[in-house]
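I have placed the structure first, in the form of structure tokens, so that the comments after it can refer back to it.
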Amino acid sequence: MKNNEIAKIFREISYLIQLAEKDPNTIYKVRAYDKAADVIENLSLSIEEIYLKDGIQGLRKIPSVGNAISSKIEELIKSNKIAYHEELKRKIPIRISEFSKLRGFGPRTMKILYEKLNITSISELEKAASEGKISKLKGFSKTKEENILKTIQLSKQNKRRYLLGDVYPLIKKIEIRLTSQDNIIRCVVVGSFRRMRETIGDIDILVSTEEPEKVIDFFVNMPEVVETKGKGRAKAFVKLRNGIGVDLLVVPEESFGSASQYFTGNKDHNISLRNLAISMNLHLNEWGLYNKGGKKIAGNNEQEIYEALQLQFIPPELRENCGEIEYFSKHRNTRLELIDYGDLKGDLHTHSEITDGTMSIYDMALHARKKFGLEYIAITDHTKSLRLANGLDELQLLDQINNIERLNDTVNENSTADTDTNFRILSSAEVNILKDGTLDISNNILDKLDIVGASIHSNFSLSKEIQTDRLIKAAKNPSVDILFHPTGRLINKREGYSIDIEKIIEAACETRTVLEINSNYNRLDLRDEHIRIAVENGVKLAINSDAHHPVHFAYLLFGIGQARRAWAKKIDIVNTLKVDTLLKSLK
Ligand code: DGT
Ligand code: CA
Ligand code: CA
Ligand code: ZN
Numbered sequence: 007m008k009n010n011e012i013a014k015i016f017r018e019i020s021y022l023i024q025l026a027e028k029d030p031n032t033i034y035k036v037r038a039y040d041k042a043a044d045v046i047e048n049l050s051l052s053i054e055e056i057y058l059k060d061g062i063q064g065l066r067k068i069p070s071v072g073n074a075i076s077s078k079i080e081e082l083i084k085s086n087k088i089a090y091h092e093e094l095k096r097k098i099p100i101r102i103s104e105f106s107k108l109r110g111f112g113p114r115t116m117k118i119l120y121e122k123l124n125i126t127s128i129s130e131l132e133k134a135a136s137e138g139k140i141s142k143l144k145g146f147s148k149t150k151e152e153n154i155l156k157t158i159q160l161s162k163q164n165k166r167r168y169l170l171g172d173v174y175p176l177i178k179k180i181e182i183r184l185t186s187q188d189n190i191i192r193c194v195v196v197g198s199f200r201r202m203r204e205t206i207g208d209i210d211i212l213v214s215t216e217e218p219e220k221v222i223d224f225f226v227n228m229p230e231v232v233e234t235k236g237k238g239r240a241k242a243f244v245k246l247r248n249g250i251g252v253d254l255l256v257v258p259e260e261s262f263g264s265a266s267q268y269f270t271g272n273k274d275h276n277i278s279l280r281n282l283a284i285s286m287n288l289h290l291n292e293w294g295l296y297n298k299g300g301k302k303i304a305g306n307n308e309q310e311i312y313e314a315l316q317l318q319f320i321p322p323e324l325r326e327n328c329g330e331i332e333y334f335s336k337h338r339n340t341r342l343e344l345i346d347y348g349d350l351k352g353d354l355h356t357h358s359e360i361t362d363g364t365m366s367i368y369d370m371a372l373h374a375r376k377k378f379g380l381e382y383i384a385i386t387d388h389t390k391s392l393r394l395a396n397g398l399d400e401l402q403l404l405d406q407i408n409n410i411e412r413l414n415d416t417v418n419e420n421s422t423a424d425t426d427t428n429f430r431i432l433s434s435a436e437v438n439i440l441k442d443g444t445l446d447i448s449n450n451i452l453d454k455l456d457i458v459g460a461s462i463h464s465n466f467s468l469s470k471e472i473q474t475d476r477l478i479k480a481a482k483n484p485s486v487d488i489l490f491h492p493t494g495r496l497i498n499k500r501e502g503y504s505i506d507i508e509k510i511i512e513a514a515c516e517t518r519t520v521l522e523i524n525s526n527y528n529r530l531d532l533r534d535e536h537i538r539i540a541v542e543n544g545v546k547l548a549i550n551s552d553a554h555h556p557v558h559f560a561y562l563l564f565g566i567g568q569a570r571r572a573w574a575k576k577i578d579i580v581n582t583l584k585v586d587t588l589l590k591s592l593k
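Numbering-wise (my numbering), the sequence shown opens with residue 7 and increments by one.
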């Protein structure tokens with residue numbers, strides 16, 4: 007029995023106690039089960055293994071696991087159930103696992119619904135709500151009833167999408183683990199992950215092997231797997247601890263290319279590609295590309311499939327059916343010099359501990375250079391009107407310029423002979439754009455900085471017209487080189503302030519202001535369609551991490567993926583330039 011299954015049962019017990027027992031002392035019991043569930047869920051060692059090795063004594067060494075809990079665990083491992091849990095379930099026949107997926111149905115609400123209306127399942131809840139029975143209960147209203155119906159609808163669609171950056175490390179770990187299996191010939195994570203979409207619905211993994219059964223067995227038994235939803239001879243579908251689903255597809259080696267093409271998608275790209283094949287008297291599916299006589303003419307790798315269809319290889323990020331098939335068939339011999347994952351030489355948006363970052367300027371620089379191979383970073387600490395982040399005033403900013411000048415010597419003194427280029431810390435700031443479009447630091451100070459970024463951190467709800475003018479005014483400011491995270495959106499959390507993005511792109515073009523692609527995976531701002539408009543209008547872009555800690559330089563990967571999806575070329579991105587050329591190219 008896995009840790010999270012044990013934890014789930016303890017949580018159910020806690021929930022049921024709150025429904026069933028009237029004794030006020032039960033609160034301690036409830037807390038004990040909740041705490042144990044938390045600890046067990048986050049334990050890296052397997053509870054079952056601890057028990058098998060050290061028995062009940064071993065269990066008691068786990069924090070928050072005392073005599074009562076440890077004997078419950080023993081009971082669970084030995085008999086696969088806990089008598090107390092079964093007894094509670096008999097008393098209260100509510101389907102807890104259904105309600106735990108719904109927001110707002112804690113034990114207190116459920117107790118009322120159960121006692122007054124005898125509701126035990128979501129379908130009963132839905133029925134009662136649509137018959138108007140819930141709004142009649144004390145403490146409930148018509149609005150509450152409508153919200154219940156809405157919540158049920160949403161949970162039915164179950165459209166949770168995961169942020170790429172939240173699942174990226176986990177997916178890479180699984181990909182590497184599978185790739186290193188002896189009986190797996192090739193492995194690639196396909197689907198939206200390979201296309202570097204900003205959010206991922208589910209993970210799709212493709213492997214080729216001569217031992218499908220063994221590979222599938224290995225896959226469904228990985229430690230991250232909490233539930234096997236389906237298992238066949240050539241596929242498996244599981245759920246991971248964090249809730250995301252994974253499809254595993256197993257193909258013979260000779261179909262690996264066509265299958266990776268098919269399962270990378272997207273669906274519309276596939277349909278267009280298949281139609282192109284048909285127009286050439288060919289047939290394309292996940293097993294291969296076939297001619298009229300049924301003979302397979304390609305399938306081992308993607309390259310040969312695209313070639314046989316008289317196309318250049320189309321990078322996965324571009325496979326969105328947004329003109330890529332037409333483009334790559336017309337331009338078979340010229341390369342689209344897309345921005346690539348190793349192309350960035352610097353990062354123009356980083357924070358230090360002086361404001362809301364967590365490391366010294368020196369450490370940020372050192373990590374950027376040593377761990378991420380960058381040649382320069384701009385320290386863009388916040389300015390004074392952002393008090394929450396200890397924003398710098400004019401004098402502190404001038405101080406920082408001097409400090410950075412000195413640090414530039416230190417950084418390069420300590421460098422080893424194997425680094426031939428000098429590292430450069432640029433003095434900069436993330437200046438606040440005030441409500442009226444002016445900045446909170448005067449231009450004569452800003453002009454002493456190497457580079458200036460400006461962004462909005464307040465007054466998000468102005469009208470579209472005023473908000474647009476506000477940003478345009480900032481772009482027209484001769485001291486402002488870059489507009490940081492231009493729309494202010496947070497994926498899945500916040501729409502961003504309302505602006506006319508085309509007008510802002512126009513203003514950026516006229517004033518030669520750079521627009522940022524903020525690589526923080528919560529932002530990815532600008533978004534792909536806007537980047538594409540910017541690129542088409544000759545506006546330059548900067549792909550920045552907005553790092554508040556050195557590990558955040560890793561976010562640059564997501565910004566690059568975003569830029570590629572939007573067809574941005576290396577020459578469109580200013581921080582692919584060497585630092586001197588970059589500084590000369592700014593307005
Ligand atoms: P997601 O999971 O919502 O983030 O997006 P995808 O693109 O990963 O979609 P998913 O997981 O449903 O399917 C993976 C790929 O398999 C998809 O990108 C294209 C291919 N595929 C799935 N269903 C179909 C289909 O009905 N027709 C075609 N041509 N391809 C499909
Ligand atoms: Ca998927
Ligand atoms: Ca899928
Ligand atoms: Zn920032």
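Glycine residues also receive a C-beta, built at the ideal position from the N, C-alpha and C atoms.
In terms of side-chain proximity, the C-beta atom of Gly-271 is found no nearer than 7 Å to any non-hydrogen atom of ligand 3. Only residues of its own chain outside the window of five on either side were considered, and among them Ile-367, Tyr-368, Ala-371, Ile-431 have a CB closer than 8 Å to the CB of Leu-413, listed in chain order. As the crow flies, the alpha-carbon of Tyr-312 is around 15 Å from that of Phe-269.
Assigned with DSSP and collapsed to three states, Thr-356 falls in strand.
In this structure, Glu-381 places its C-beta atom within 8 Å of the C-beta atom of Val-585. Counting every other CB atom within 10 Å of its CB across the protein chains shown gives Thr-361 a total of 16 or more, marking it as buried.
With a cutoff of 8 Å on beta-carbon distance, Tyr-21 and Ile-154 are scored as not near each other. Of Ile-320, Tyr-347, Arg-325, the smallest CA-CA separation from Arg-341 is found for Ile-320.
In the same chain as Ser-358, and ignoring 5 residues on each side of it, the C-beta atoms closer than 7 Å to its own belong to Met-365, Ser-366, Ile-367, Met-370, Ile-385, Asp-387, in chain order. Contiguous beta strand (DSSP E) elements confined to the region 349-397 occur at 352-356, 382-385, taking only those with 3 or more residues. Per DSSP, reduced to three states, the secondary structure at Asn-73 is helical. Distances between the C-beta of Ile-206 and the heavy atoms of ligand 1 include at least one below 7 Å.
Around the beta carbon of Tyr-503, 16 or more other beta carbons lie within 10 angstroms, which makes this residue buried. Take Ala-513, set aside five residues on each side of it, and the residues of its chain with a beta-carbon closer than 6 Å to its own are Ile-478, Ala-481, in chain order.
For Asn-418, the enclosing alpha helix (DSSP H) has its first and last residue at 400-419. Taking 8 Å as the cut-off, the beta carbon of Asn-10 is found no closer than this to the beta carbon of Arg-183. When secondary structure is reduced to three states using DSSP, Cys-328 falls in the coil class, being assigned neither helix nor strand.
Not a single heavy atom of ligand 3 lies less than 7 Å from the C-beta of Asp-274. By the neighbour-count definition (other C-beta atoms within 10 Å, threshold 16), Thr-587 is an exposed residue. Each residue's CA atom was taken as its position, placing Thr-215 and Ile-457 some 53 Å apart.
Pairwise C-beta distances place the region 546-554 out of contact with the region 327-335, as fewer than three of them are shorter than 8 Å. Val-173: member of the alpha helix (DSSP H) spanning 170-185, first to last residue.
Using a Cβ distance threshold of 8 Å, Ser-52 and Leu-65 do not count as a contacting pair.
The region 455-475 and the region 486-495 touch, with no fewer than 3 CB-CB distances between them shorter than 8 Å.
If you check the C-beta of Gly-197 against ligand 1, you find a heavy atom less than 7 Å away. Listed in chain order, the beta strand (DSSP E) runs fully inside the region 265-306 are 289-291, 294-296, 302-304, counting runs of at least 3 residues. Residue Pro-99 holds the alpha-carbon nearest to the alpha-carbon of Lys-117 among Asn-498, Leu-452, Pro-99. Within a 10 Å sphere around the beta-carbon of Glu-121 sit fewer than 16 other beta-carbons, which makes this residue exposed. The region 283-291 and the region 226-241 do not touch, with fewer than three beta-carbon pairs separated by less than 8 Å. Inside the region 471-534, DSSP marks whole beta strand (DSSP E) runs of 3 or more residues at positions 520-524, from first to last along the chain. Under the three-state reduction of DSSP, Lys-546 is assigned to coil, being neither helix nor strand. Put simply, of Glu-535, Asn-483, Asn-498 the residue whose alpha carbon is nearest the alpha carbon of Glu-516 is Asn-483.
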